[in-house]
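Protein sequences appear in the order of chains P and W.
If you count by this note's numbering, then the first sequence holds residues 136 to 327, one letter each, in order.
If you count by this note's numbering, then the second sequence holds residues 136 to 327, one letter each, in order.
Protein chains: 2
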Amino acid sequence: MSVKERKERERAERERLIVRTARELAEQQGWDAVTTRRLAERIEYSQPVLYSHFRGKREIIGAVALEGATELAVGVRAATSGANSRRERVAALARAYLDFAEHNPAVYDALFQLDGGLSYAQEDTPEPLKDAFAALLETLAEVAGDGVDPGPFTETFWAALHGLATLTRAGRLPPEYAEHRVELLVDRLAMV
Amino acid sequence: MSVKERKERERAERERLIVRTARELAEQQGWDAVTTRRLAERIEYSQPVLYSHFRGKREIIGAVALEGATELAVGVRAATSGANSRRERVAALARAYLDFAEHNPAVYDALFQLDGGLSYAQEDTPEPLKDAFAALLETLAEVAGDGVDPGPFTETFWAALHGLATLTRAGRLPPEYAEHRVELLVDRLAMV
DNA sequence: TCACTTGCCTAGCAACGCTAGGATAGATTC
DNA sequence: GAATCTATCCTAGCGTTGCTAGGCAAGTGA
């Protein structure tokens, strides 16, 4: 049975290779450059191999998104755990979120801009996505304010961060006041 | 010379037809369905005719975006002009913005999600885009708060609205608390 | 009437996502 | 050790995309 196990291991390894390569390619040249042909060439297999691991390009994007969600959650928790006041925690959360979006634009797109075939905000939502939201909720719940439901409050704060992240990166917002905008968000939205 | 004038008129008319048709098709079936072939068929001309008006598909998206920017500005100004208090004006602005995004998803995408080849937040930014931002600024400047630059404040508020609009429509936010989220944004961000 | 310009269409290119079907290499059986 | 069977992977190709070259025909001016 060890032959079968070895093959399964190799197969899993190749799947990780596909996701990693897709991510690298997307970060280097954008998702438009991630074609099935180019991706296949980079992993040194033929195109149809991709389809033995994923239903299609969409599912590959989804796999990158899930990887990103896990990292985002880790990043946010790491940033907030080092802060001592509620105000500092919220600011750290905002900066960690925007940093992630800035330094991993392709992954961020896979998560929140592109169609990766994932379901959001539902029962069958994949665990990494739920957990990323939970990471935000943990810090934001304590600054929602009296009588304000932490869920919708987190959603609103998150939406604001998402707007800043996407509009800034798309060149729709001038970069000079970036820090000022974050301060505004933290000081006004959070009840600290 | 009247022959030449007639031809110019007809040409301008056909250009409007292209933009209008692209917009209709995009609203009906999404931008993915707006292929040059389908678009050409709908306007009852051949594909290359499109390229005698626009450099490519991107520029057609850009044209739809500019049309949308004008309408968005009109909508926001109409909504705010009917409100009597600062609080009401900001709330009306937020609702008008989100209504526009909800009822014209394809146009909204052309404006803020897709690449229409337009430049934003710069000197050479097309007038309709500048004016749409100005429409937001007019109402939001009066609630920025003491010592807060209205520009970055408007940018921040806008980003929050944009986040709500896109995440809601993409199914990333549950629809049930939509109104609650708007209230939060208005009550907290604006100094009313 | 003839030349010329203008405007449009047919046909085709390279690249896309995805798939059918055949070849080959390895495991299993006798 | 030879034969068969299975699983794995590749070649080739389909239909579609954005975009363009080249030719035809209708209308303009001499």
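Don't be surprised by glycine CBs; every beta carbon is placed ideally from N, CA and C.
Fair warning: this is a prediction, and the values are worked out from it, not measured in the lab.
- Taken in chain order, the whole beta strand (DSSP E) runs of length 3 or more contained in the segment 182–237 of chain P number zero.
- Within 10 angstroms of the beta-carbon of Thr-170 of chain P lie fewer than 16 other beta-carbons, which makes it exposed.
- Listed in chain order, the non-local C-beta contacts of Arg-221 of chain W below 8 Å within the same chain comprise Glu-277, Val-278, Ala-325 and Val-327, local neighbours out to five positions each way being set aside.
- Burial is judged here by how many other beta carbons sit within 10 angstroms of a residue's own beta carbon; Arg-151 of chain P has fewer than 16 and is exposed.
- Nearest in C-alpha terms to Val-199 of chain P, of all of P:Lys-265, P:Ala-270, P:Leu-160 and P:His-315, is P:Leu-160.
- Put simply, the CB of His-238 of chain W is far from chain P, with every gap to its CB atoms at 8 Å or more.
- If you check the CB distance, Ala-236 of chain W and Ala-300 of chain W come in under 8 Å.
- Taking the Cβ atoms as the reference, Ala-229 of chain P lies roughly 5 Å from Val-317 of chain P, within the contact range of under 8 Å.
- In the three-state reduction of the DSSP assignment, Gln-163 of chain P falls in the helix class, which pools H, G and I.
- Among the residues of the segment 306–326 of chain P, those with a Cβ less than 7 Å away from any Cβ of chain W are Gly-306, Arg-307, Leu-308, Pro-309, Tyr-312, His-315, Arg-316, Leu-319, Leu-320, Arg-323 and Leu-324, in the order of the chain.
- Residue W:Gly-197 holds the alpha-carbon nearest to the alpha-carbon of Glu-262 of chain W among W:Arg-149, W:Arg-158, W:Arg-172 and W:Gly-197.
- DSSP places Thr-289 of chain W inside the alpha helix (DSSP H), whose first and last residues are 285–304.
- Short of 6 Å from the beta carbon of Leu-271 of chain P, and not among the five residues preceding or following it, lie these beta carbons of its own chain, in chain order: Thr-289 and Trp-293.
- Here DSSP, grouped into helix, strand and coil, assigns Pro-310 of chain P to helix.
- Pairing Ile-178 of chain W with Glu-206 of chain W, the inter-Cα distance amounts to about 24 Å.
- DSSP places Ile-178 of chain P in the uninterrupted alpha helix (DSSP H) bounded by 171–178.
- The beta carbon of Ala-226 of chain P sits closer than 6 Å to those of Val-321, all from its chain and outside the five residues before and after it, given in chain order.
- In this structure, W:Pro-310 is the residue among W:Lys-192, W:Glu-143 and W:Pro-310 with its C-alpha nearest to the C-alpha of Tyr-255 of chain P.
- Using a Cβ distance threshold of 8 Å, Glu-162 of chain P and Ala-241 of chain P count as a contacting pair.
- Cβ-Cβ distances below 7 Å link Leu-302 of chain W to Leu-308 in the same chain, with the five nearest sequence neighbours on each side left out; the list follows chain order.
- In this structure, the beta-carbon distance from Leu-264 of chain W to Ala-204 of chain W falls below 8 Å.
- In the structure shown, the three-state DSSP call for Val-278 of chain P is helix.
- When Cβ-Cβ separations below 8 Å define contact, Tyr-255 of chain W makes contact with chain P.
- Using a 10 angstroms sphere on the CB of Lys-192 of chain W, the tally of other CB atoms reaches 16 or more, which defines it as buried.
- Apart from sequence neighbours up to five positions away, no residue of its chain approaches Asp-259 of chain P with a beta-carbon distance below 8 Å.
- Neighbourhood of Pro-287 of chain P in chain W, by CB distance below 8 Å: Tyr-312, His-315, Arg-316 and Leu-319, in chain order.
- In this model, Thr-291 of chain P and Ala-208 of chain P are separated by some 18 Å (Cα to Cα).
- Within chain W, no residue has its beta carbon less than 8 Å from that of Glu-258 of chain P; the closest one is some 12 Å off.
- For Arg-212 of chain P, the number of other beta carbons within 10 angstroms of its own is at least 16, and it is reported as buried.
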